[in-house]
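So that you can map any letter, position 197 of the sequence shown is 1143 in the working numbering, and since no number is skipped, the others follow by simple counting.
Idealized CB from N, CA, C, for every residue including glycine.
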Amino acid sequence: MKPSTLIFILLVTLALLLAQCQSPSGQPTGLTAAEKSTFLTKGKKIATETFAELSGRLAAALEQGGVAYAVPFCSQVALPLADSMGRANNVIIRRTSLRVRNPADAPLAWETSLLQQFATADQAGEDLQPLVQKLPDGTVVFAAPIRVQPLCLQCHGRLGETLETTDYAVIHQRYPNDQAIGYALGDLRGMWSIQFKE
């Protein structure tokens, strides 16, 4: 066999092998198990820290002035707090849901897909776990379900039961298109969405 033929066969074989390691968009397919584990650990840590900071501030606002004080406080603090935590961790942090209160929290297309997966699994009684994915553009994302906690019910509970009608009037005035009520303790409320920039 001629050396040029052998080189040609090797190049074609190498090209085929490399093509199998790429997605149709040309991006590497998926993540290794080690990468998934690393991003999962980072995502859980960031979501936990952000939740602790946000819920701590919200609890203090509720204690200071009830829902009437907490609603404007939350609308002015939640997004900047997520942005600040995101900058500190080199990520983009969002909380989103299929039923949003603030239009700025409406889900992106990939978030909608994951929210629907979480909702379907939840309705089937499955235990929801955080996950990590690589999007077609190569961005690595973390998603974790958000369950309704006791504190959440004051603003997201069932109207006339855990959510007072007078409190909801304050919420509805600020968010006239609000969809984020009617929840019970432990319900799936939405998800943490974290996009890694690295």
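Closest in alpha carbon position to D1124, among K982, V1017, E999, is V1017.
No residue range can be given for K1143, since it is assigned to no alpha helix (DSSP H) and is classified by DSSP as neither H nor E. T1085 and I1140 have their alpha carbons spaced roughly 10 Å apart. Shown here for K1143: same chain residues with a beta carbon closer than 8 Å to its own, the five before and five after excluded, namely N1036, V1037, I1038 in chain order. Between the stretch 1117-1135 and the stretch 1024-1036 there are fewer than three C-beta pairs closer than 8 Å, too few to call the two in contact. Under the three-pair Cβ rule at 8 Å, the stretch 984-993 counts as touching the stretch 1086-1093.
Looking from the CA of R1093, the closest CA among T1058, D1068, C1020, A1034 belongs to D1068. Cβ contact annotation for H1118 (same chain, cutoff 7 Å, sequence separation greater than five): D1124, in chain order. DSSP links K1080 through a beta bridge to V1086. Straight-line measurement puts the Cα of Q1079 at about 8 Å from the Cα of L977. Exposed is the label assigned to L1097, since fewer than 16 other Cβ atoms lie within 10 Å of its Cβ. According to the DSSP secondary-structure assignment, P1091 is paired through a beta bridge with M1137. In the DSSP assignment, V1046 falls outside any alpha helix (DSSP H) and carries neither an H nor an E.
Taking C-alpha positions only, V1023 is separated from N1048 by approximately 13 Å.
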